[in-house]
Structure formats: C-alpha cells, structure tokens
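These notes are about the structure you will find just below.
Residue numbers (the numbering used here): 85 to 420.
Shown next, in the form of structure tokens:
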C-alpha cells in the first residue's frame with residue numbers, strides 16, 4: 085500500500101515552532117546510562133520502571149466525570165532529540181532477528197503488544213521483515229539548544245512504517261501534538277496538512293493519534309476503520325563518553341547513540357491498552373549510513389504485580405517483559 089499522506093516541501097523545521105522544553109535535556113552523556121540501555125538490548129530480562137509513587141499511567145476511556153483524571157497521561161520527558169548525523173531523509177529497512185519470551189510462551193495472550201497487527205506501533209507487524217526500503221525522516225531543530233539537533237518527523241514516519249509492515253493497511257489521517265483534545269488531523273486527502281492549518285504536525289512530540297483502515301478478524305476479513313493513540317510516557321538517551329580506545333567523543337562527534345522509550349498505546353476499536361519499551365542503539369557508519377539495533381520489550385497490562393494465566397494457577401509478573409522482539413535496522417541516505 086502506498087502512503088498518500090502529503091509531505092511538506094522545503095525546510096519544514098525552520099517554519100514550525102518547537103516546544104520550549106524540546107532542548108535535549110533528557111540526554112545524559114553518561115556511560116552508566118549507556119551501559120544500562122545496552123544491557124536491556126542484549127540481556128534476557130527487561131523490567132518496567134515504576135514511578136516514585138508506584139503509579140502506572142493509563143489512558144482515560146470513561147465518558148463520565150474526568151475532572152480528576154487526564155484523558156492522556158502527562159509525559160515525564162520532553163521529546164527525544166538525536167545527533168545531527170541522523171538529520172535528513174533515509175531509505176530504511178527492518179530485518180527481523182529474534183523473538184524471546186522471558187516468562188515462557190504460557191505468558192502470551194492477545195493483550196500483549198505485538199500479538200496483533202498494529203498493537204505495537206513501533207513494530208506494527210512483529211516478525212515481518214520489510215521487503216523493500218522505505219523513507220523515514222529526521223528534521224533539524226531550527227535553533228539547537230544542545231549537542232543534539234534533530235528529531236523524528238512523526239507525521240511523516242509513522243504512516244510509512246505502518247504501511248510497509250502491513251501492506252493491506254492504509255493510513256487515513258494522523259495528528260501530532262501535546263494532547264488529544266486540540267489536535268488537528270492531517271487526512272490522506274491533504275486536508276489539514278499545511279503549516280497554516282496544522283502548525284504542530286511536524287513538531288517534536290510525545291503523542292500522536294493515527295487512523296487507518298484494513299481487514300480485521302472481527303469483520304471476517306472486511307476492511308474496517310481503526311484508531312490508535314500513542315504516548316511516549318518516559319524516555320532517556322545516552323552518548324557514550326569514550327570510545328573503545330579511550331578517546332573521548334560526545335554529541336555530533338560520537339558514532340553511537342542509545343535511546344529508551346516507554347510507550348503507552350491505546351487501540352480504540354478493540355479497547356486494548358498496551359505498554360512496551362523501545363530500546364535502540366544507533367551507530368554512524370561513515371556519512372551515508374546508520375545501523376540500528378532495536379528491541380521492543382512488551383508487557384502485560386498492569387492490573388497487579390502478578391496475575392494468573394489460563395486458569396492453571398501459573399503466575400506471570402506484569403512488571404517483567406513477557407516478549408522481546410529484536411530487529412536490525414539499516415539506514416542509507418536518500419537522494420530525494
């Protein structure tokens with residue numbers, strides 16, 4: 085399926101306003117943070133990080149009084165920024181590597197992100213290797229306030245990622261911004277997609293909503309409209325302070341960048357809320373290529389610290405990932 089969402093030409097980032105806190109202050113140039121992320125990329129277990137108050141965020145789906153509960157949880161960090169060597173348009177390919185189930189296959193269910201198509205928007209069809217390269221884009225921050233100076237163009241990237249992983253899917257709209265109540269939708273017809281109509285569409289953001297159609301089991305294979313909301317609730321990133329030979333490198337001179345993002349996703353059509361962590365390492369290869377290692381750690385809904393599975397009395401820890409999906413990502417500079 086081809087992506088028909090229009091893209092803005094020219095220097096989009098220079099024409100948009102950025103949130104005041106999108107300054108890369110969530111990056112820590114610390115070997116300890118890099119080591120922590122790296123261990124989650126390669127280790128056997130990943131655990132959900134609880135807040136200080138122990139509360140796990142949820143979307144509010146009630147149509148009743150919501151005065152004491154926000155519709156969308158408040159993100160704990162500003163949007164992640166990336167090194168300048170990731171700026172621009174890229175031809176990208178995802179290659180499936182492995183899937184591991186730390187608590188055994190008995191812990192799996194349809195409530196686990198990735199068990200169904202588009203239930204994990206970071207990897208919309210787990211196990212699929214993209215058959216051809218597709219475009220992804222990182223935009224330059226107009227006035228960088230740190231050594232990190234670009235960010236992923238969510239409105240451009242997410243529909244293309246969805247449709248290359250699920251070729252029968254078609255994006256009908258996407259909206260990007262700080263909250264769901266004030267978002268303007270960019271439709272596949274082109275309506276709502278200009279800077280004048282939709283000034284936040286190509287800005288850094290921790291939240292987006294996407295609508296799409298595709299065949300579903302519920303409709304016996306007939307196409308149905310679906311809606312997904314995604315929030316990056318918490319994130320951290322790290323630039324290793326030294327290379328293997330001890331030479332100190334940081335910021336845009338560094339060749340490796342680590343990121344970790346905790347995502348809360350709500351699939352409105354089926355009333356399914358999922359949570360997962362996207363763990364990544366990006367390595368610069370010359371000036372024209374970036375190699376990525378991406379792991380998604382999927383968790384069961386947090387209804388209790390442990391829950392019984394399949395009525396057999398087996399206990400599954402909801403704070404420990406039940407599935408780990410591993411991908412290799414290759415990015416080469418696009419001439420377009």
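Cβ coordinates follow ideal geometry from the N, Cα and C atoms, glycine included.
Run through DSSP, which three-state label would residue i get?
| i | result |
| --- | --- |
| residue 67 | Since the first and last residues shown for the chain are 85 and 420, residue 67 lies out of range. |
| residue 407 | strand |
| residue 415 | strand |
| residue 125 | helix |
| residue 239 | helix |
| residue 255 | strand |
| residue 200 | coil |
| residue 354 | helix |
| residue 119 | helix |
| residue 364 | strand |
| residue 191 | helix |
| residue 174 | strand |
| residue 244 | helix |
| residue 168 | helix |
| residue 401 | strand |
For residue i, count neighbouring C-beta atoms within 10 Å of its own C-beta (all shown protein chains included) and say buried if the count is 16 or more, exposed if not.
| i | result |
| --- | --- |
| residue 368 | buried |
| residue 401 | buried |
| residue 310 | buried |
| residue 109 | Low per-residue confidence applies at residue 109: pLDDT is 46, beneath 50, and the placement is therefore not dependable, though the value from the model is reported in the following sentence. By the 10 Å Cβ count, residue 109 comes out exposed. |
| residue 358 | buried |
| residue 320 | buried |
| residue 273 | exposed |
| residue 184 | exposed |
| residue 244 | buried |
| residue 236 | buried |
| residue 355 | exposed |
| residue 226 | exposed |
Can you grab the Cα-Cα spacing for the pair residue i / residue j, in whole Å?
| i | j | result |
| --- | --- | --- |
| residue 160 | residue 349 | 16 angstroms |
| residue 194 | residue 228 | 42 angstroms |
| residue 204 | residue 280 | 31 angstroms |
| residue 222 | residue 304 | 38 angstroms |
| residue 213 | residue 253 | 16 angstroms |
| residue 284 | residue 234 | 16 angstroms |
| residue 216 | residue 133 | 36 angstroms |
| residue 247 | residue 211 | 15 angstroms |
| residue 153 | residue 351 | Only weak support is given to the placement of residue 153: the predicted model assigns it a pLDDT of 43, under 50, and the question is left unresolved by the model. |
| residue 124 | residue 232 | 23 angstroms |
| residue 336 | residue 167 | Only weak support exists for where residue 336 lies, its pLDDT of 49 falling under 50; the value from the coordinates is given anyway. Distance between the alpha carbons of residue 336 and residue 167: 5 angstroms. |
| residue 116 | residue 398 | 36 angstroms |
| residue 306 | residue 370 | 46 angstroms |
| residue 407 | residue 317 | 20 angstroms |
| residue 290 | residue 189 | 32 angstroms |
| residue 196 | residue 126 | 21 angstroms |
| residue 158 | residue 381 | 22 angstroms |
| residue 417 | residue 198 | 29 angstroms |
| residue 249 | residue 202 | 9 angstroms |
Quick one: what's got a C-beta closer than 7 angstroms to residue i's C-beta in the same chain, skipping five residues either side?
| i | result |
| --- | --- |
| residue 411 | 178, 179, 180, 181, 207, 378 |
| residue 170 | 222, 234, 366, 374 |
| residue 270 | 89, 239, 257, 258, 259, 276, 277, 282, 285 |
| residue 187 | 400, 401, 404, 406 |
Please go through the same chain and pick out, in chain order, the residues whose beta-carbon is closer than 6 angstroms to the beta-carbon of residue i, but skip the five residues on each side of it.
| i | result |
| --- | --- |
| residue 292 | 238, 260, 314 |
| residue 151 | The predicted position of residue 151 is uncertain, since its pLDDT is 43 and thus under 50; a value taken from the coordinates is nonetheless stated next. Around residue 151: no qualifying Cβ. |
| residue 346 | 317, 318, 361 |
Ordered along the chain, which non-local residues of its own chain (more than five positions away) have a Cβ less than 8 angstroms from that of residue i?
| i | result |
| --- | --- |
| residue 105 | Per-residue confidence for residue 105 stands at a pLDDT of 42, beneath the threshold of 50, marking its modelled position as unreliable; the derived number appears in the next sentence. 162. |
| residue 386 | 132, 140, 359, 402, 403 |
| residue 241 | 220, 221 |
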